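S.K.: Residue numbers (the working numbering): 421 to 886. The beta-carbon is built from N, C-alpha and C at its ideal position, and this holds for glycine as well. A quick note: this is a predicted structure, and the numbers were derived from the prediction, not measured.
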């Protein structure tokens, strides 16, 4: 269970038109090769299997050999807003099977957009894959899908654990674009010679199906074996609060998500409920850049003014929002500005606004019956001590930060567990090394955020009507 190496390479997201978010899968492939070579170093002969995790909701339209027909549509893409109406007409029973609120950026709506707007590419494709599934196709030459990512496509019957053929036919989509389903910890193929040369590894080693990033992170941190009432808060570009569930209980109000975990259906927690906000680190990085400050400046200046930011409220909806409003058209704002306010007030309001958005999501989860008494904190978007204290106070829950060497790479650790399952190193997920937690729990402080949170809650309906 010890980390022996780490490699990281960045890649870009492009927005050729307002509301679009695309990526070049070729850049993912090149980045994967460089990152693996860095992580493995001189130990290439010791690598016995490969696991994968990846961003959810994308669509990679490609040929049988994996050649991409166009840039990938990613999770942040909002072009398929008009197609959501087709989902609303499916009926309550069908929407319950899908177990998720229709949202732009998910694979089903994005495929509907491609069918209507790029019919030649749509009809000429062999596969419509999730991002990590496209990478795996390149590694093994075999196309496959697995439940944790498939359950987030709006094309998956979560209650029966399979592609929803009725939904696919009713929407008029091509069922043959969707790859066969196998378990997250199953072997999806072996590393080809070409891919082995690219990664600097031995050919022929098994490649696990892998999992969606949040499902992999929950496996990597051992959340599924945690005590009742423990949830995981991950802050990166977006923010997610995930709670393991023992049975599929979709949110009747359709404000939160329900997905398959990276574990078999006969496990103790084969599902997880999730509140997902799109604008966490994304919004803070934007505010930092617009105001021309470093992260050290943010920490110093934001906490030089009192809680509540002098009446300034920040709505972080820079790219629309998911939980709980599911509004791709809503936009952000700083509200309540006066001559007495400074950059410090804007920064404090930005931090508080992201924390309020997370609390809004947490309350939506609790409304579905999820019990949350403690939050494990992961991701690279909440590393400052005072920022963490603000989060604990706003969320009114103790935060248990994951060890630094794990919290940033929890999804990769989960992918490694799945590689161990595929290669027989572990007989089950319970055989994998358990996380060892240490350090202080961050308890909620004495600051009362109820009044500024009430301001925040009142603003969305007003902004929505503008």
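Answer yes or no: do residue 657 and residue 784 have a C-beta to C-beta separation smaller than 7 Å?
M.R.: Sequence index remark: in the chain shown, residue 657 carries index 237 (1-based). Sequence index remark: in the chain shown, residue 784 carries index 364 (1-based). It is not a contact, given that the beta carbons lie outside the stated cut-off.
S.K.: Rounded to a whole number of angstroms, what is the C-alpha to C-alpha distance between residue 749 and residue 469?
M.R.: For the purposes of this step, residue 749 is taken as the residue at position 329 of the chain shown. For the purposes of this step, residue 469 is taken as the residue at position 49 of the chain shown. Computed Cα separation, rounded: 43 Å.
S.K.: Between the segment 645-660 and the segment 515-535, are three or more C-beta pairs nearer than 8 Å?
M.R.: At 8 Å Cβ cutoff, the stretches do not touch.
S.K.: For residue 577, collect the residues of the same chain with a Cβ closer than 6 Å to its Cβ; drop the 5 residues on either side in sequence, then sort them by chain order.
M.R.: Along the chain shown, one-based indexing puts residue 577 at 157. Closer than 6 Å at Cβ, skipping near neighbours: 517, 584.
S.K.: Would you call the CB atoms of residue 448 and residue 497 closer than 7 Å?
M.R.: For the purposes of this step, residue 448 is taken as residue 28 along the chain shown, with counting starting at 1. For the purposes of this step, residue 497 is taken as residue 77 along the chain shown, with counting starting at 1. Their beta carbons are not under 7 Å apart, which means residue 448 does not touch residue 497 by this criterion.
S.K.: Check for me: the alpha helix (DSSP H) holding residue 590 runs from which residue to which?
M.R.: What you label residue 590 is simply residue 170 of the chain shown in a count that begins at 1. Start and end: 585-591.
S.K.: Of the choices 730, 767, 744, 625, whose alpha-carbon is the least far from that of residue 756?
M.R.: In the chain shown, counting from the first residue as 1, residue 756 sits at position 336. The candidate whose alpha carbon is nearest that of residue 756 is 730.
S.K.: Measure the CB-CB distance between residue 626 and residue 613 and report whether it falls below 7 Å.
M.R.: Along the chain shown, read from residue 1 onward, the residue named residue 626 stands at position 206. Along the chain shown, read from residue 1 onward, the residue named residue 613 stands at position 193. No. Outside cutoff.
S.K.: Taking buried to mean at least 16 other C-beta atoms within 10 Å of its own C-beta, is residue 765 buried or exposed?
M.R.: The residue you call residue 765 lines up with position 345 of the chain shown. Answer is buried; the Cβ neighbour count reaches 16.
S.K.: Which residues in the same chain as residue 456 place their Cβ atom closer than 8 Å to its Cβ, once the five residues preceding and following it in sequence are excluded?
M.R.: In the chain shown, the residue the question calls residue 456 occupies position 36. Cβ within range, chain order: 427, 619, 620, 621.
S.K.: Taking DSSP's pairing of strands, which residues face residue 677 in a bridge?
M.R.: Sequence index remark: in the chain shown, residue 677 carries index 257 (1-based). In the DSSP output, where bridge partners are listed per residue, residue 677 has 694.
S.K.: Anyone know if the C-beta pair for residue 574 and residue 638 falls short of 7 Å?
M.R.: Counted from its first residue, the chain shown places residue 574 at position 154. Counted from its first residue, the chain shown places residue 638 at position 218. For residue 574 and residue 638, no; Cβs fall outside 7 Å.
S.K.: Can you tell me where the beta strand (DSSP E) with residue 634 in it begins and where it stops?
M.R.: Translated into positions along the chain shown, residue 634 becomes position 214. Here residue 634 belongs to no beta strand (DSSP E); instead the alpha helix (DSSP H) covers 633-640.
S.K.: Measure how close the beta-carbons of residue 545 and residue 471 come, nearest whole angstrom, since I'm counting them as under 8 Å.
M.R.: Here residue 545 corresponds to residue number 125 of the chain shown, with the count starting at 1. Here residue 471 corresponds to residue number 51 of the chain shown, with the count starting at 1. Not a contact, Cβ separation roughly 27 Å.
S.K.: Please check the pair residue 682 and residue 604, which I expect to be a contact at CB under 8 Å, by giving their CB distance rounded to whole angstroms.
M.R.: Start at 1 with the first residue of the chain shown, and residue 682 comes out as number 262. Start at 1 with the first residue of the chain shown, and residue 604 comes out as number 184. Sure, about 4 Å apart at Cβ, within 8 Å.
S.K.: My parser needs the beta strand (DSSP E) runs of 3 or more residues fully inside the segment 703-733; what are they?
M.R.: Listed in chain order, there is nothing to give.
S.K.: Tell me which residues share the same chain as residue 818 and place their Cβ nearer than 6 Å to its Cβ, disregarding the 5 neighbours each side in the sequence.
M.R.: As a working note, residue 818 is residue 398 in the chain shown. Cβ within range, chain order: 794, 861, 863.
S.K.: For residue 685, which residues of its own chain have a beta-carbon under 8 Å away from its beta-carbon, when the five flanking residues on both sides are left out?
M.R.: Taking the chain shown and counting its residues from 1, one reaches residue 685 at position 265. Correct list, in chain order: 581.
S.K.: Which residues in the same chain as residue 633 place their Cβ atom closer than 7 Å to its Cβ, once the five residues preceding and following it in sequence are excluded?
M.R.: Sequence index remark: in the chain shown, residue 633 carries index 213 (1-based). Correct list, in chain order: 473, 474, 475, 476, 831.
S.K.: Could you say which of 670, 556, 599, 812 lies nearest to residue 512 if we only look at CA atoms?
M.R.: Working through the chain shown from its first residue, we reach residue 512 at position 92. Looking at the Cα atoms, 670 is the closest of the given residues.
S.K.: Locate the alpha helix (DSSP H) running through residue 754, then write down its first and last residues.
M.R.: In the chain shown, residue 754 corresponds to position 334, counting from 1. Run containing residue 754: none in the alpha helix (DSSP H); it sits in the beta strand (DSSP E), 753-755.
S.K.: What is the DSSP secondary structure of residue 741, reduced to helix, strand or coil?
M.R.: The residue you call residue 741 lines up with position 321 of the chain shown. In this structure, residue 741 counts as strand in the three-state DSSP scheme.
S.K.: Do residue 678 and residue 519 have their C-beta atoms closer together than 7 Å?
M.R.: Within the chain shown, numbered from 1, the residue matching residue 678 stands at position 258. Within the chain shown, numbered from 1, the residue matching residue 519 stands at position 99. Cβ distance < 7 Å, so residue 678 and residue 519 count as in contact.
S.K.: List the endpoints of the continuous alpha helix (DSSP H) containing residue 456.
M.R.: For the purposes of this step, residue 456 is taken as residue 36 along the chain shown, with counting starting at 1. Taken as a continuous stretch (DSSP letters only), the alpha helix (DSSP H) holding residue 456 covers 445-460.
S.K.: Look up residue 440 in the DSSP assignment and say whether it is helix, strand or coil.
M.R.: As a working mapping, residue 440 is identified with position 20 in the chain shown. In the structure shown, residue 440 sits in coil (DSSP, three-state: anything other than H, G, I, E or B).
S.K.: For residue 773, which of 653, 570, 876, 601 has the nearest alpha-carbon?
M.R.: By 1-based counting over the chain shown, the position of residue 773 is 353. Among 653, 570, 876, 601, the Cα nearest to that of residue 773 is on 876.
S.K.: Measuring only the C-alpha atoms, how far is residue 880 from residue 796?
M.R.: By 1-based counting over the chain shown, the position of residue 880 is 460. By 1-based counting over the chain shown, the position of residue 796 is 376. About 28 Å.
S.K.: Flag this pair as yes or no: are the beta carbons of residue 822 and residue 839 separated by less than 7 Å?
M.R.: Position 402 of the chain shown, counted from the start, is the residue given in the question as residue 822. Position 419 of the chain shown, counted from the start, is the residue given in the question as residue 839. Not closer than 7 Å, so no.
S.K.: In terms of residues, what are the limits of the beta strand (DSSP E) holding residue 600?
M.R.: Residue numbering aside, residue 600 sits at position 180 when the chain shown is read from its first letter. No beta strand (DSSP E) holds residue 600; DSSP gives it neither H nor E.
S.K.: Could you give the first and the last residue of the continuous beta strand (DSSP E) run that contains residue 662?
M.R.: Counting from one through the chain shown, the residue named residue 662 turns up at place 242. 659-665 is the extent of the beta strand (DSSP E) around residue 662.
S.K.: Considering only the alpha carbon of each residue, which of 693, 700, 782 lies closest to residue 663?
M.R.: Counting from 1 along the chain shown, the entry for residue 663 is found at position 243. If we check each option's Cα against that of residue 663, 693 comes out closest.
S.K.: Are the beta-carbon atoms belonging to residue 689 and residue 666 less than 7 Å from one another?
M.R.: Residue 689 sits at position 269 when you count from the first residue of the chain shown. Residue 666 sits at position 246 when you count from the first residue of the chain shown. A contact, by the Cβ cut-off of 7 Å.
S.K.: When you compare only the Cα positions, how much space is there between residue 943 and residue 607?
M.R.: Outside the modelled stretch of the chain, which goes from 421 to 886, sits residue 943, for which no answer is possible.
S.K.: Helix, strand or coil for residue 547? Go by DSSP, reduced to three states.
M.R.: Counting from one through the chain shown, the residue named residue 547 turns up at place 127. It is a strand residue.
S.K.: Going by DSSP, what residue range makes up the alpha helix (DSSP H) through residue 817?
M.R.: As a position in the chain shown, residue 817 is number 397, starting the count at 1. Careful: residue 817 lies outside any alpha helix (DSSP H) and carries neither H nor E.
S.K.: 7 Å is my cut-off, CB to CB: does residue 509 come that close to chain D?
M.R.: Note that chain D does not occur in the displayed structure, where there is just one protein chain.
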